[in-house]
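Q:
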Amino acid sequence: MEEEKSKYFCEEHLDRAFDDYLVDNEEFPDVIEVTEHKCDYCEKQAKYKLGR
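Sequence positions in the sequence shown follow the working numbering and run 1416 to 1467.
(1) Quick one: Cα of residue 1452 to Cα of residue 1437, how far?
(2) According to DSSP, is residue 1455 part of a helix, a strand, or is it coil?
(3) Between the beta-carbon of residue 1425 and the beta-carbon of residue 1459, is there less than 8 Å?
(4) What does a CB cutoff of less than 7 Å around residue 1445 pick up in its chain, not counting 5 residues either side in sequence?
(5) The alpha helix (DSSP H) that contains residue 1446, what's its start and end?
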């Protein structure tokens, strides 16, 4: 089984993160609040992680 590719994102990049996660993992993710990561799409603080 291939390793899951998590996505960290700010509120601005919610739609893009969901689209990318679904393409990469072919399953619907859990949304987890985070405080220690940067957004994968910009330099802002990430508020959420998509993953399991």
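Note that the Cβ used here is the ideal one computed from N, Cα and C, for glycine as well. Fair warning: this is a prediction, and the values are worked out from it, not measured in the lab.
A: Considering the structure as presented:
(1) 21 Å
(2) coil
(3) yes
(4) 1466 and 1467
(5) It is not in any alpha helix (DSSP H) - residue 1446 instead sits in the beta strand (DSSP E) that spans 1445 to 1448.
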